[in-house]
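Residue numbers (the numbering used here), protein chains in the order written: chain A, 7 to 409; chain B, -5 to 424.
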């Protein structure tokens, strides 16, 4: 039966996440935006609390690792599970602060990758590890099949060589999931992901980037020089066969894109709520029933923004719901990511404009959200990549036909 | 005026137009040609017998579920399956002709009624099919119909909307008087008249007035974009009730002082839109729907907007389904234009925004169905459908280039129809 309200059974959990975001995360927002690269030590305690909630079952399986697809015994095929719980809690936490969310120990995108493709033994070995994700290189970004980093089997180890940039939480995490090619002549079928733990000889954090936004989150360049990792750290199958392998690593994205869409939804909602409060202070409020054209221009603009927000929010829930129900959701995940990210960027920028110098100054967080939101339309696949994916699916075209 | 009547009389007696099967288009042409100087009286063909006895009104109940779910119920799937077939087999093939003739053919309307469209929202106790009130079902049905043709969808759904209004806000006597006709074999044309011909129209500030008299009301004002008004036997008219704000009134078409004036528009031509002009129309007191409660009127405006959203989604889907094969077949510069990102991304954005429109519409519908406040959700869905729906209509033409501009393809019609979204008020109810 069609119902698009957040699941009743998760209401308490969502409320809990909101409390944490409001009482704990938001108050730290400006501090770590200004103190780029300073470690937000407050998050250690929060992460422990979240671990505790997970242990006790109160966490609803939400979090970076909540994207693992498991058999569901429910015959109806309709489930509200960990994917929905994850996006809903990420929306709340990102309403608090996206940068700090990305700095949450043990909640890295690498954790999602491990959860998506690791076998049970690996899952157990890497439990409790905070894992970043290392895909992008100086010479390739969106064309991830063109990566130069190599992994060569030598005895019981793979030897990794190459350089990775834009590794979120790359300095603070315990391990990174590295994309590398087993054989560069075999194209993307040879691309595999490897868990490389910090402290492995040959792996070095070269530097941290200074950024437009999400400054609470560290973004690292990591080099690998004859870096040896055990064979068992390769995630998925070691066979180089057709496109199956690459499809495997790409599958991670079906699971992580709704999470990034959720970040965008949370960030956009923060800006909308603050803007509504600011507008109310000067006597402007939006009325849902009355024709927008008869309302204050700022109220009409607000309603237009909220409408796109609603679409982004629901597309994100849809993508997660499909993952929970174990249905293929590549199309919906990319739709959600495309819509939510561009909407968050538009909304946060427009909100700064509406709030005037109040929005532009550091008195409010609006200018910060407008800086933070830009990355959401770039990482985990840019707007253009999402559109490519959506277009190929809708038009039923291959990547050779629609390049 | 006299000469116009004479010409009309002559034309009406002509056997040629019968032999050529042209009567309907000809009547339409006359109706439109004379619309500036000639007004017709409302249809006079049925007398609604008022039954005494004030049984309590019958209403549909809502249902509740705690789970996020996008799966229609089995009943809904079945109904939508039948409606979709009707839309594909009857509405789509007849759309161009109906648009040109500015009328939905009688046999199409009859088939639509045979499908039981008016019965879905009427409680079983009152002879309908509905066991549970479902704005969601209404939305799914409207979406499926509009995938065939928006104009004819509007014509087909108009009586159902009046039946819905009676089911939701009618008291026992009103339901007993009027509802049985909507569940019988000859269902009357009926229309919900809310809009008015005025820039920046706001349904909560009406120019049409209802003034209390000793034993009822006097109605004055002009309603706009009224569906099949010339054929309608019963109107639900929105008017500003002097001391109580906007309210809904049941007005029979043969009321003295009621005139119909054709109002052909950019699109929705198969809906035979017209203005209804009320000049000192006298209404008995029992014609006031929903006790004139502001809540009932607000719900009416919201449900109506919701229905238009559903139509936008259906027509938007029609655009997407049409452009996909086209851009894959059409070649330019030696390859299908779909292989170019500027074209492919336009298609992707149609897909993305359409899905957002659909989900927002479904959410508003499911909240309405569950008895939750849905003012916010319907306003947002309407905004999305007005903006992105029109963009989809425009891109649909653009992707076909010059071919999209000519009537060989339906995209120009969808473009005209989609412009109604965001400005249409009333007419339909979800």
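Glycine residues also receive a C-beta, built at the ideal position from the N, C-alpha and C atoms.
Small disclaimer: the values here were computed from a predicted structure and weren't measured.
{"Asked": "Measure the Cβ-Cβ separation of residue 153 of chain A and residue 143 of chain A and say whether it is below 7 Å.", "Found": "yes"}
{"Asked": "Which residues does DSSP list as the beta-bridge partners of residue 215 of chain B?", "Found": "B:272"}
{"Asked": "Pull up the distance between the alpha-carbon of residue 194 of chain A and that of residue 141 of chain A, whole angstroms please.", "Found": "13 Å"}
{"Asked": "What is the DSSP secondary structure of residue 37 of chain A, counted as helix, strand or coil?", "Found": "helix"}
{"Asked": "Do residue 10 of chain A and residue 172 of chain B have their beta-carbon atoms positioned less than 7 Å apart in this structure?", "Found": "no"}
{"Asked": "Can you give me the C-alpha to C-alpha distance between residue 60 of chain A and residue 68 of chain A, rounded to a whole angstrom?", "Found": "8 Å"}
{"Asked": "Is there contact here, the region 365 to 379 of chain A with the region 328 to 342 of chain A, by at least three beta-carbon pairs under 8 Å?", "Found": "no"}
{"Asked": "Closest Cβ-Cβ distance between residue 24 of chain A and chain B: below 7 Å?", "Found": "no"}
{"Asked": "Do we get a CB-CB distance below 7 Å when we pair residue 249 of chain B with the residues of chain A?", "Found": "no"}
{"Asked": "Would you mind stating whether residue 262 of chain B and residue 145 of chain B have Cβ atoms separated by less than 7 Å?", "Found": "yes"}
{"Asked": "Going by beta-carbon coordinates alone, are residue 62 of chain B and residue 13 of chain A separated by less than 7 Å?", "Found": "yes"}
{"Asked": "Less than 7 Å between the C-beta atoms of residue 192 of chain A and residue 240 of chain A, yes or no?", "Found": "no"}
{"Asked": "Who are the near neighbours of residue 190 of chain A in its chain, counting only those whose CB is closer than 8 Å to its CB and skipping five residues on each side?", "Found": "154, 156 and 196"}
{"Asked": "Answer with buried or exposed for residue 112 of chain B, where buried requires no fewer than 16 other C-beta atoms within 10 angstroms of its C-beta.", "Found": "buried"}
{"Asked": "In chain order, what residues of the same chain lie with their CB nearer than 7 Å to the CB of residue 235 of chain B, ignoring the 5 residues before and after it?", "Found": "204, 241 and 286"}
{"Asked": "State buried or exposed for residue 116 of chain A, treating a residue as buried only when at least 16 other CB atoms are found within 10 Å of its CB.", "Found": "buried"}
{"Asked": "Strictly below 7 Å CB to CB, what residues from chain B border residue 185 of chain A?", "Found": "Residues of chain B passing the Cβ test: none, with the nearest at roughly 25 Å."}
{"Asked": "Tell me the residue span of the beta strand (DSSP E) that contains residue 234 of chain B.", "Found": "228 to 235"}
{"Asked": "Check each candidate in A:337, A:379 and A:363 and name the one with the smallest Cα separation from residue 354 of chain A.", "Found": "A:379"}
{"Asked": "I'd like to confirm the pairing. Which residues does DSSP put opposite residue 239 of chain B in its beta bridges?", "Found": "B:235"}
{"Asked": "Would you call the region 264 to 283 of chain B and the region 371 to 381 of chain B in contact, with 3 or more CB pairs under 8 Å?", "Found": "no"}
{"Asked": "Given a cut-off of 7 Å on the beta-carbon distance, is the pair residue 70 of chain A and residue 128 of chain A in contact?", "Found": "no"}
{"Asked": "Quick check: the Cα distance between residue 305 of chain A and residue 129 of chain B, rounded to an integer number of angstroms?", "Found": "28 Å"}
{"Asked": "Taking all protein chains shown into account, do 16 or more other C-beta atoms lie within 10 angstroms of the C-beta of residue 80 of chain B, making it buried, or fewer, making it exposed?", "Found": "buried"}
{"Asked": "Beta strand (DSSP E) containing residue 303 of chain B: first to last residue?", "Found": "It is not in any beta strand (DSSP E) - residue 303 of chain B instead sits in the alpha helix (DSSP H) that spans 288 to 323."}
{"Asked": "Using a Cβ-Cβ cut-off of 7 Å, state whether residue 393 of chain A counts as contacting chain B.", "Found": "yes"}
{"Asked": "Just mark residue 85 of chain A as buried or exposed, buried being the case when its beta carbon has 16 or more other beta carbons within 10 Å.", "Found": "buried"}
{"Asked": "Under 7 Å between the Cβ atoms of residue 271 of chain A and residue 340 of chain A?", "Found": "no"}
{"Asked": "So, for residue 39 of chain B: in the same chain, excluding its five sequence neighbours on each side, which residues have a beta-carbon less than 7 Å away from its beta-carbon?", "Found": "Bear in mind that a pLDDT of 48 at residue 39 of chain B, under 50, signals an unreliable position, so the model cannot answer this."}
{"Asked": "Using 8 Å as the Cβ pair cut-off and three pairs as the minimum, do the region 133 to 140 of chain B and the region 190 to 202 of chain B touch?", "Found": "no"}
{"Asked": "For residue 19 of chain B, which residues from the same chain have a beta carbon less than 6 Å from its beta carbon, with the 5 sequence-adjacent residues on both sides left out?", "Found": "The predicted position of residue 19 of chain B is uncertain, since its pLDDT is 47 and thus under 50; a value taken from the coordinates is nonetheless stated next. Contacts found: 95."}
{"Asked": "Please identify, using Cβ separations under 8 Å, the residues of the region 297 to 308 of chain A that lie next to chain B, in order along the chain.", "Found": "297, 298, 299 and 300"}
{"Asked": "For the putative contact between residue 252 of chain B and residue 168 of chain B, defined by C-beta atoms under 8 Å, what is the C-beta separation to the nearest angstrom?", "Found": "Between residue 168 of chain B and residue 252 of chain B the Cβ distance is about 19 Å, and since that is not below 8 Å, they are no contact."}
{"Asked": "Tell me the residue span of the beta strand (DSSP E) that contains residue 235 of chain A.", "Found": "225 to 236"}
{"Asked": "Note down the Cα distance separating residue 416 of chain B from residue 175 of chain A, rounded to an integer number of angstroms.", "Found": "46 Å"}
{"Asked": "If you measure between the beta carbons of residue 264 of chain A and residue 322 of chain A, is that distance less than 7 Å?", "Found": "yes"}
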